[in-house]
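If you use this note's numbering, the sequence shown corresponds to residues 1224 to 2034, in order.
Here is the structure we will look at.
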Amino acid sequence: MISNYITIAIRNIRRYGTNSFLNLAGLAIALAACLVIFLVVKHEYSFDTYHTNSERIYQVVKKEVKEGNEDFYGGIALPAKKALSNDFPTIKFTELFTSFGAQFTVLDAADQVSNKKFLEEQGVFFVEPGIADFFSFSWVEGSPEILSKPDMIALSRSKAIKYFGSESNAVGRSLLFENKIRLRVGAVFAEPPPNTDFNFQMLPSYATLESNLDLWGYEQNKESWGFSTSNHQVYALLPQSVQPEQVNKQLQDFVKKYYRPEAVGKIFHFLLPLKEIHFDTRFGNNGTHITSKSSLMTLQLIGLLILLMACINFINLSTALAVKRSKEIGIRKVMGSTRVQLRIQLLAETFLLVSFAMIIALLITWLTLPYLKYITDIQEKLPLFQSNVLLFLVIILLATVLLSGFYPALVLSRFNPVEAIKNKIHAHSIAGLSLRRVLVILQFAFAQLLVIATIIAVSQMNFIRKADLGFNKESTLLLSGNMDSTSIAKHTGFKAALQQLPEVKHISFSMDAPSSDNNWTMNFAFNQINEDLPFDTHIKMADGSYVETFGLKMAAGEFYRSEDSLRKVVINETMVKKLGLKTPEEAVGKTIRIGISEWMPIAGVVKDFKNNSLRESIKPTVLFHAPGKLGNYMAQTNIRLETSNPGQALSKIEKVWNRFYPEYAFRASFLDETINNFYQQEERLSRLYKVFAALAIVISCLGLYGLISFMAVQKTKEVGIRKVLGASVGSIVVLFSKEFTILILIAFAMAAPVAWYMMSGWLENFVFRIEIGWWIFLIAVVISLFIAWLTVGYKAISAALANPVKSLKTE
């Protein structure tokens, strides 16, 4: 019986080849899209779940409330871990310190400095030996106990091979960290998997950090509760009997005990589950990206819509084909087939077709996976053949068979055998005619929803690229330097040498560029009133050439000069407004005290520039030339170029760098590229929208082509009669196009408000954003109509140009 069903199914698939091909193509594309989305979502949700204790690990984070605004920080005060261990003796705590862009120099067997210098942008964590109780490690050489001593380091297998050739050669050898600290390799561990935000690669002991806090300028803050940095993080391992809600309540008493009285009610600590770190956009993480759960839900919704569109194609084409198959169904009924048998037969055909589509989808997915890194944050190739993937394939296969095949099987099995054999079944007599129209509307509503979303996402990204940031980001080179006093002392000579290059226009030294991911804030007082204001100021340390290098504009007064004997500051326009001053000119001459520094006069007011990404508002900011040890933070060299050959200029600058800083690796980046990196996730989301909108349109057009082909056959006699009576080609094309045009317009009316609501929510992530204008919706509906008319037009014109005499004779 089963073999008979399969034989007949194959025969019918071959008999109605065009219909089968259109269904197969639509289903294969949709299933491939669903499979890719499943792999991406599965990968994102798997982050850091491989740790044995993942369900019990929490990060201790901080929330600050000032003037009704909430700010969230993953980093907490340096003495916090010790205090937490004392106050919560039943809970294990560990602390780590991240170091980005660290330089390591290999020492040879005689412990002499070699020429092998490496920059490690990520993966460097100063950790305690207890880190192994929290996160899962596999130790290849040595053990985590070596991390209890200062000047020790553990390496991942790949780093051991990179630096020393093999794991066994690495143990006992030494590295020089930032040309200051000698570290002895005591252990090697297996590479962490790619689905982690803790890409442990190089693990110096935390004791090393504690012995060298002055290298980061943190010596004076090691017991301070008023200072924190995102680099310093504390994690808790809760016993099975302890609930995080209990700890969160007790942490409020912890704040009262250790913070200043005025901080109570403004600072809150709470536990953030390890499994949420990858998704919580309020905090940064140690990985390459944060993925919001709403983005993953959107992705899953898109996958579902595309699959539904392919199923709608199948239903429409199958019910449209019902007229051709009516005689076959009638004969089967006369020969004794029951409705159940007919439904099984028709579902068997659907199952076979969907199975073929699934095989093609697997092939498409396998070919697509290597290119996934260009449109998502996933840089490694995802495994395709795993048990949970196979289970998903089975579920999606059965769901697609039922969604696609059940209704056509129901319609065809209901045919009256007498009417079917007499060929009295017509398209308009099938109950599914109105349903087919509804399904076409739904299909194009889904497609237009994605088209509108794509236009809005692309428009926002174009707005970001062209937005006025308040400074010149073009042709500006940023050189990362070292914060030690020796390097800072060479700044004058280094600048003089760079100024000899014809390609160099301006040079300045600073902590960072005008737009960066820096969020250093401090308390401050204004105009000789000793009480701090209720909000903090964003600070930027920079020399007097900063204004020319970045093309900042002054609103009032002047920018300070590096050689000024009296320390002066510059504030931005947002600070003027926050201080309650009416004009920028009012601020000039007044004084500011930052932290516990002396009072400094305001030399001028700079026009607002974007401190961070366009997702965030402009912050009240103070710029000043930092003195003494604080000046060591101004280690970044900013170079404004004036050349048509930046590559050649970069080569010349590197030679000057190597002359002054031979012990440090040259690390340069262009400011515009750095700013573009702020929006990697949005750029990739925009690309995803483009891809899926294109797939939705293709699937819609496949279905539309099938329906118009069927309609052309059904209307052969009508077209012939109309032509004999003098109808033009244009009127025939309108005959075919009119209904679909109306359906597409109805679909647009459904899709537009939904798209507006969804994308308005997405744009809320940006403080600076586009307005969703009427032209966006006009473009979307024009695109949909144009593509539909192209699809319909080809078949319609073919039908209109056919010889009416021949078509009437045939009929």
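In this text, a Cβ means the ideal position worked out from N, Cα and C, and glycines have one as well.
According to DSSP, residue pairing for residue 1870 in a beta bridge does not occur. Within the model, the alpha-carbon separation for residue 1407 versus residue 1902 is close to 39 Å.
The beta-bridge partner set that DSSP reports for residue 1427 consists of 1376. Excluding the 5 residues flanking it on each side, residue 1825 has same chain C-beta neighbours closer than 8 Å at 1780, 1791, 1792, 1793, 1794, 1810, 1811, 1812, 1813, 1814 and 1815, in chain order. Shortest Cα-Cα distance from residue 1578 to any of 1922, 1280 and 1617 involves 1617. The DSSP-derived three-state label of residue 1822 is coil. Residue 1349 is a Cβ neighbour of residue 1322, given a cutoff of 8 Å. Distances from the alpha-carbon of residue 1856 to those of 1733, 1738 and 1841 put 1733 closest.
Within the DSSP secondary-structure output, residue 1817 pairs in a beta bridge with 1747. Three or more Cβ pairs closer than 8 Å define a contact, and the stretch 1300-1314 meets that threshold against the stretch 1469-1481.
In the displayed model, residue 1407 falls within a strand according to three-state DSSP. Under the criterion of beta carbons closer than 8 Å, residue 1926 and residue 1536 qualify as touching, at roughly 4 Å. Annotation for residue 1469: the continuous alpha helix (DSSP H) segment containing it runs 1467-1481.
Assigned with DSSP and collapsed to three states, residue 1849 falls in coil, not helix or strand. Look at the beta carbons and you see the stretch 1295-1303 touching the stretch 1495-1513: at least three pairs across the two are nearer than 8 Å.
The C-beta distance from residue 1728 to residue 1865 rounds to 4 Å, short enough to fall under 8 Å.
Between residue 1700 and the set 1528, 1923 and 1860, the nearest pair of CA atoms involves 1860. Annotation: residue 1581 to residue 1517 spans about 28 Å, alpha carbon to alpha carbon.
Residue burial is scored here from C-beta neighbours: residue 1923 has at least 16 other C-beta atoms within 10 angstroms and is therefore classed as buried. In this structure, DSSP gives residue 1761 an extended state, which the three-state scheme calls strand. In this structure, the CA atom of residue 1834 is about 6 Å from the CA atom of residue 1737. For residue 1270, there is no enclosing beta strand (DSSP E), as DSSP gives it neither H nor E.
Shortest Cα-Cα distance from residue 1783 to any of 1765, 1368, 1799 and 1280 involves 1765.
The shortest CA-to-CA distance from residue 1368 to any of 1667, 1411 and 1575 is the one to 1411.
Assigned with DSSP and collapsed to three states, residue 1801 falls in helix.
Of all alpha-carbon atoms in 1801, 1750 and 1331, the one lying nearest the alpha-carbon of residue 1822 is that of 1750. The Cβ atoms of residue 1960 and residue 1997 lie no closer than 8 Å to each other. Taken through DSSP and simplified to helix, strand or coil, residue 1840 comes out as coil.
Taking C-beta atoms as the reference points, residue 2000 and residue 1675 count as a pair closer than 8 Å. Under the criterion of beta carbons closer than 8 Å, residue 1330 and residue 1397 qualify as touching, at roughly 4 Å.
Residue nearest to residue 1327 within the set 1278, 1382 and 1318 is 1382 (criterion: CA-CA distance).
Judged by DSSP in its simplified three-state form, residue 1459 adopts strand. Counting along the chain, residue 1793 sits inside the beta strand (DSSP E) bounded by residues 1792-1795. One thing to note: residue 1251 has its Cβ no nearer than 8 Å to the Cβ of residue 1670. The three-state secondary structure of residue 1579, taken from DSSP, is helix. Here DSSP, grouped into helix, strand and coil, assigns residue 1998 to helix.
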